[in-house]
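J.: As you go down the protein sequences, you meet chains A and B in turn. The number in the working numbering is simply the position in the first sequence, starting from 1, with 33 added. The number in the working numbering is simply the position in the second sequence, starting from 1, with 33 added. What follows is a structure written as structure tokens; I'll ask about it next.
Number of protein chains: 2
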Amino acid sequence: MLSLTEENYLKAIYHLSDGGNRSVLTNELAEAMNTKAASVTDMVKKLSAKAVISHEKYYGVNVTSKGKSEALMVIRKHRLWETFLVQKLGFAWDEVHEVAEQLEHINSARLIEKLDEFLGYPKVDPHGDPIPDNKGKLKILPQIAIDQLNIGYQGKIAAVKDSDSNLLKYLDKIEARPGTKIKILGKEDYDGSMEILIADHRIFISKEVSQNILVIE
Amino acid sequence: MLSLTEENYLKAIYHLSDGGNRSVLTNELAEAMNTKAASVTDMVKKLSAKAVISHEKYYGVNVTSKGKSEALMVIRKHRLWETFLVQKLGFAWDEVHEVAEQLEHINSARLIEKLDEFLGYPKVDPHGDPIPDNKGKLKILPQIAIDQLNIGYQGKIAAVKDSDSNLLKYLDKIEARPGTKIKILGKEDYDGSMEILIADHRIFISKEVSQNILVIE
DNA sequence: GTAAAAATTTAGATTAGTCTAAAAAAATAT
DNA sequence: ATATTTTTTTAGACTAATCTAAATTTTTAC
Chain A
34 MLSLTEENYL
44 KAIYHLSDGG
54 NRSVLTNELA
64 EAMNTKAASV
74 TDMVKKLSAK
84 AVISHEKYYG
94 VNVTSKGKSE
104 ALMVIRKHRL
114 WETFLVQKLG
124 FAWDEVHEVA
134 EQLEHINSAR
144 LIEKLDEFLG
154 YPKVDPHGDP
164 IPDNKGKLKI
174 LPQIAIDQLN
184 IGYQGKIAAV
194 KDSDSNLLKY
204 LDKIEARPGT
214 KIKILGKEDY
224 DGSMEILIAD
234 HRIFISKEVS
244 QNILVIE
Chain B
34 MLSLTEENYL
44 KAIYHLSDGG
54 NRSVLTNELA
64 EAMNTKAASV
74 TDMVKKLSAK
84 AVISHEKYYG
94 VNVTSKGKSE
104 ALMVIRKHRL
114 WETFLVQKLG
124 FAWDEVHEVA
134 EQLEHINSAR
144 LIEKLDEFLG
154 YPKVDPHGDP
164 IPDNKGKLKI
174 LPQIAIDQLN
184 IGYQGKIAAV
194 KDSDSNLLKY
204 LDKIEARPGT
214 KIKILGKEDY
224 DGSMEILIAD
234 HRIFISKEVS
244 QNILVIE
């Protein structure tokens, strides 16, 4: 049983480690958690004692397989709640994160199963991120940012990165949402900006924006 | 801003004081909160400092008007979530309390307004308890338990007391739900048991059960 | 109206999560 | 390869919420 704080640390470790593919350093985690390195060291000891991460002193932490599945359960809850907030309550895209951060810690297996059913067993959340199933399995979709694509590419937006609420507002405004048709019309070598066709209207976007729009690879 | 624990204490004080109509003693509160009197005394100091209750040493606590409206907001959230769990997710009556106890502490005014709208602005929760409005106003319904009624009374169940999950299971089984028609057929002087007609079928209930079924007075 | 019982508060300690400052280890730079 | 810088850990302290045991106040009982 993890406390709310422990769950948040574990989730951050999971994300920073890219789903368990690399180890996470104390300072990285301190920055992500908006706290101090000393606090991280303390918490790392607690999480190690609970066997959800392993810690090699001075060299960072890794999530264990137990930790991975616990993290995925929290992520499952987060993404299901985000889907609920957008699809059922009519929240905008960029408004859901903070609330979902709270809701993800509600403890009731039955609630999550019922919610999943109520939402029609969605596979992805409103940003296009995959929702882990009730066994803690995550289907990783092979995605690529559109700044990597060539002129002439046509397809559908699969997901957008949801790191920043202002970015999300902008993406919503230009209708860059999962499922929307997209075509690469032009690319400027100098600054990497692009001209694209989204939902049948032409628009110029900066390289930074293009790095946050993903399609299936 | 109250902590989760402070919210729970305040809610308990509100309920024990009958919505602020009498003062609450330390031991009462300790029993309700499943804690020790000494812990209550400590918490009472914190809540007094936050001006949601007033405390006269050795004579108990009273909710202030600020405390009353804060308690009602928590109750509003609790009852809206219970309504959601039953009406939208298909939870049974007796399963909702524990989950709603967690959900009531989610902090987002927008969420509650959206949820209220999504549910169609319900006036009462699944047990028939009134839902405070977004101004923190509670419409108190004049209710009376059916053990107080005379033979021949006919009406509709307005609410049931939701103190005990086993009672709720039983009430659900006999279809004693808010809105159901009810008629008093007979009353045994010896033990106070009753024969009643609920949703057109006759049933005998004990005095204890009859004290938990309420109609509009 | 005082003595015993019950209720409440205070005192001092504990745990979770956090902090600052100091110590220790690792990385780096010449 | 040694000194400096950076990163991490340890040590010691703080707050919130809790506890036990002791002290205090109120109530009750004769």
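Quick reminder that beta carbons are idealized off the backbone N, C-alpha and C, glycines included.
1) What number of angstroms, rounded off, separates the C-alpha of L43/B from the C-alpha of K79/A?
2) Is there a Cβ from chain A that is less than 8 Å from the Cβ of Q135/B?
3) According to DSSP, is F237/B part of a helix, a strand, or is it coil?
4) Taking only beta-carbon positions, decide if V119/A is within less than 8 Å of chain B.
5) Tell me which residue opens and which closes the alpha helix (DSSP H) that H160/B is part of.
6) Indicate the three-state DSSP secondary structure (helix, strand or coil) for H265/B in the structure shown.
7) From V85/B to E39/B, what does the alpha carbon distance come to, in whole angstroms?
8) If you measure from the beta carbon of G123/B to each beta carbon in chain A, is any gap under 8 Å?
9) Would you please verify whether the beta carbon of K110/A is less than 8 Å from any beta carbon of chain B?
10) Between which two residues does the alpha helix (DSSP H) harbouring M106/A extend?
11) Distance, Cα to Cα, E221/A vs V107/A?
12) Tell me V248/B's beta-bridge partners as DSSP assigns them.
13) Sort out for me which residues DSSP pairs G219/A with in a bridge.
14) Any C-beta of chain A sitting closer than 8 Å to the C-beta of F151/B?
15) Give a yes or no on whether the minimum CB-CB distance between S141/B and chain A is below 8 Å.
16) Could you confirm whether any beta carbon from chain A is found closer than 8 Å to the beta carbon of K202/B?
17) Just curious, the beta strand (DSSP E) that I86/B is in, first and last residue?
18) May I have the straight-line CA-CA distance separating D224/B from K240/B, to the nearest angstrom?
19) Between P155/A and T116/A, how many whole angstroms is the CB-CB distance? I'm expecting something under 8 Å.
20) Any idea which residues DSSP pairs V94/A with across the strands?
21) Looking at the unbroken alpha helix (DSSP H) that takes in K206/A, where does it start and where does it end?
22) Tell me, which residues are paired with K214/B by DSSP?
23) Identify whether Y47/B lies in helix, strand or coil by the three-state DSSP scheme.
24) Where M125/A and K168/B are concerned, what is the direct C-alpha to C-alpha distance, given to the nearest angstrom?
25) So, with DSSP's three-state summary, where would you put F151/B?
26) Could you tell me the distance, in whole angstroms, from the CA atom of I190/B to the CA atom of G53/A?
27) V132/B touches chain A at which residues, Cβ-Cβ below 9 Å?
28) Rounding to the nearest angstrom, what Cα-Cα distance links L113/A and D180/A in this structure?
29) Taking the alpha carbon of D127/A as the reference point, which residue from I229/A, E137/A, P159/A has its own alpha carbon closest?
30) Classify Y47/B as buried or exposed, calling it buried when 16 or more other Cβ atoms lie within 10 Å of its own Cβ.
31) Could you tell me which chain A residues have their CB closer than 7 Å to the CB of K147/B, listed as they occur along the chain?
32) Residue range of the alpha helix (DSSP H) that M76/A falls in?
33) Beta-carbon separation of L35/A and K83/A under 8 Å?
T.: Looking at the coordinates:
1) Counted from its first residue, the second sequence places residue 43/B at position 10. Counted from its first residue, the first sequence places residue 79/A at position 46. Going from the Cα of L43/B to the Cα of K79/A covers about 32 Å.
2) For the purposes of this step, residue 135/B is identified with residue 102 of the second sequence, where counting begins at 1. At a cut-off of 8 Å between C-beta atoms, Q135/B counts as an interface residue with respect to chain A.
3) Against the second sequence, residue 237/B aligns to sequence position 204. Of the three classes helix, strand and coil, the one that applies to F237/B here is strand, per DSSP.
4) Within the first sequence, the letter at position 86 stands for residue 119/A. For V119/A, the answer is no, since every Cβ of chain B falls outside 8 Å of its Cβ.
5) Taking the second sequence and counting its residues from 1, one reaches residue 160/B at position 127. No alpha helix (DSSP H) holds H160/B; DSSP gives it neither H nor E.
6) In the structure as shown, chain B starts at 34 and stops at 250, and residue 265/B therefore has no counterpart that could be examined.
7) Counting from one through the second sequence, the residue named residue 85/B turns up at place 52. Counting from one through the second sequence, the residue named residue 39/B turns up at place 6. If I take the Cα positions, the gap works out to 10 Å.
8) Along the second sequence, read from residue 1 onward, the residue named residue 123/B stands at position 90. Closer than 8 Å to some Cβ of chain A, the Cβ of G123/B qualifies, so yes.
9) Position 77 of the first sequence, counting from 1, holds the residue named residue 110/A. It does not: the Cβ of K110/A has no partner Cβ on chain B nearer than 8 Å.
10) The count along the first sequence starts at 1 and reaches residue 106/A at position 73. Element bounds for M106/A: 98-120.
11) Taking the first sequence and counting its residues from 1, the one referred to as residue 221/A is at position 188. Taking the first sequence and counting its residues from 1, the one referred to as residue 107/A is at position 74. Roughly 41 Å separates the two Cα atoms.
12) Stepping through the second sequence from its first residue, residue 248/B is reached at position 215. Its beta-bridge partners are I177/B, I190/B.
13) In the first sequence, counting from the first residue as 1, residue 219/A sits at position 186. Beta-bridge partners assigned by DSSP to G219/A: E228/A.
14) On the second sequence, residue 151/B is found 118 positions in, with the first residue counted as 1. Yes, F151/B lies at the interface with chain A (some Cβ there is under 8 Å from its Cβ).
15) Taking the second sequence and counting its residues from 1, one reaches residue 141/B at position 108. It does: the Cβ of S141/B has a partner Cβ on chain A nearer than 8 Å.
16) Walking along the second sequence from the start, residue 202/B turns up at place 169. K202/B does not count as touching chain A.
17) On the second sequence, residue 86/B is found 53 positions in, with the first residue counted as 1. Residue range 86-89 is occupied by the beta strand (DSSP E) that includes I86/B.
18) Reading the second sequence from its first residue, position 191 is the one you call residue 224/B. Reading the second sequence from its first residue, position 207 is the one you call residue 240/B. Roughly 7 Å separates the two Cα atoms.
19) Along the first sequence, read from residue 1 onward, the residue named residue 155/A stands at position 122. Along the first sequence, read from residue 1 onward, the residue named residue 116/A stands at position 83. Indeed, because the Cβ distance is near 5 Å, the residues count as touching under 8 Å.
20) Here the question's residue 94/A lines up with position 61 in the first sequence. V94/A is bridged to V57/A, H88/A.
21) In the first sequence, residue 206/A corresponds to position 173, counting from 1. Where K206/A is concerned, the enclosing alpha helix (DSSP H) stretches over 198-206.
22) The residue labelled residue 214/B in the question sits at position 181 within the second sequence. The partner list for K214/B (beta bridge, DSSP) reads K189/B.
23) Within the second sequence, numbered from 1, the residue matching residue 47/B stands at position 14. If DSSP states are grouped into helix, strand and coil, Y47/B belongs with the helices.
24) Sequence index remark: in the first sequence, residue 125/A carries index 92 (1-based). Sequence index remark: in the second sequence, residue 168/B carries index 135 (1-based). Checking the sequence, you will find Ala at residue 125/A rather than Met. About 25 Å.
25) Residue 151/B sits at position 118 when you count from the first residue of the second sequence. F151/B falls in the helix class under three-state DSSP.
26) Working through the second sequence from its first residue, we reach residue 190/B at position 157. Working through the first sequence from its first residue, we reach residue 53/A at position 20. When rounded, the distance between both Cα atoms is 56 Å.
27) For the purposes of this step, residue 132/B is identified with residue 99 of the second sequence, where counting begins at 1. Correct list: I139, N140, S141, R143, L144.
28) Numbered from its first residue, the first sequence carries residue 113/A at position 80. Numbered from its first residue, the first sequence carries residue 180/A at position 147. Between L113/A and D180/A, the C-alpha separation is close to 29 Å.
29) Taking the first sequence and counting its residues from 1, one reaches residue 127/A at position 94. Cα-wise, what sits closest to D127/A is P159/A.
30) In the second sequence, residue 47/B corresponds to position 14, counting from 1. Buried, because 16 or more other Cβ atoms sit within 10 Å of the Cβ of Y47/B.
31) Along the second sequence, one-based indexing puts residue 147/B at 114. Within chain A, the residues near K147/B are L122, G123, F124.
32) Residue mapping note: residue 76/A aligns to position 43 of the first sequence, counting from 1. Boundaries of the alpha helix (DSSP H) harbouring M76/A: 70-82, taken from the DSSP string.
33) The sequence position of residue 35/A within the first sequence is 2, counting from 1. The sequence position of residue 83/A within the first sequence is 50, counting from 1. At the C-beta level, L35/A and K83/A come within 8 Å of one another.
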